[in-house]
Amino acid sequence: MAIRSVQTLYFSATGTTRLMATTLGHSFAQALQCPLSGHRDITPLASRQEPIDFDSQTLVVVGSPVYAGRVPNKIMTFFRDSIKGHDTPCVVVLTYGNRAYDNALSEMLQLLSANGFIVAGAITQPSQHTFSNLLATGRPDDEDLARAERYASLLSRRLQSGHIGHCLPIPSGELAYYTPLTAQGTKANILKVKPQTDLERCNHCGLCAEECPMGSISHAEPWKVEGICIKCHACVKHCPRQAKQFTDPEFLSHTAMILQNFTSHKEAEYYPDLGTTL
């Protein structure tokens, strides 16, 4: 199998997955000495209206964040129904907010392998949590990106020598969702929580509506969230006036629980394991 081009495909509401995916895309293209044919950003709602097919000679870097230990459920359906390969080699990069990636990697392996991809490699990368910039602050950092680049170089050698096969056994069966808890250990009911708008700060620029990957924020009245909120924090992170925030008590208690229990430094994991020199 000859790889003649590299392409990235990613969902990235706050930018960390995009950073990892594009870094890997450039690194693989350089190591494989083939063109980087483009970046497919499926974050905007408009980008998820048509199916996307890949051929067998394109290496695809597939990036997704982890929400509640899974591929984001409202985005997972697009991966499942609209992303198709034809014996297409791919490398998965998952970013997670320093708690755990739980079943997200297994889920992505199932989705992609069922859709005609060969998952030749995977990275699970601890990243700054969307709920709080106090958790895994600034990650992926320069060292994380340098390790990812070295991994791409090492994996490219394997691919060039013809070693293209699934990096992990393909799991089967149902996958459980993580149950969010409050600081008191009770279940946090945050499914229907939506961001609030400080009307004294908001200048109606509409950027939050443009950035919402679900198209749920009204352009005419940006303080209204009329559709599904996946808690991606795109509106919070991109608002130039810091007018958006989550104020629900159970949501804030869940965030406090995460900060109490998951602050220890974690390293990225690489599949296949290409050695400790990364």
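When we follow the working numbering, the leftmost residue of the sequence shown carries the number 209, and every step to the right adds one. For every residue, glycine included, the Cβ atom is placed at its ideal position computed from N, Cα and C. Just so you know, these numbers come straight off a predicted model, no measurement behind them.
Annotated three-state conformation of Leu-302 is strand, per DSSP. In the displayed model, Arg-226 falls within a helix according to three-state DSSP. Annotation: Lys-400 to Gly-373 spans about 41 angstroms, alpha carbon to alpha carbon.
For Gln-241, the three-state secondary structure derived from DSSP is coil. A direct Cα-to-Cα measurement between Ser-213 and Thr-230 gives close to 14 angstroms.
Under the three-state reduction of DSSP output, Tyr-218 falls in the strand class.
Excluding sequence positions up to five before and after Lys-292, its CB lies within less than 8 angstroms of the CB of Pro-259, Ile-260, Asp-261, Phe-262, Asn-323, Gly-324, all in the same chain and listed in chain order. Rounded to the nearest whole angstrom, the CA to CA distance from Leu-342 to Ala-210 is 44 angstroms. Counting only the Cα atoms, Val-270 lies some 13 angstroms from Ser-321. A Cβ-Cβ separation of about 4 angstroms places Ala-391 in contact with Ala-464 under the 8 angstroms criterion.
Contact holds between the region 464-484 and the region 294-310, because three or more Cβ pairs, one in each stretch, are under 8 angstroms apart.
Only buried fits Pro-348, as 16 or more other CB atoms lie within 10 angstroms of its CB.
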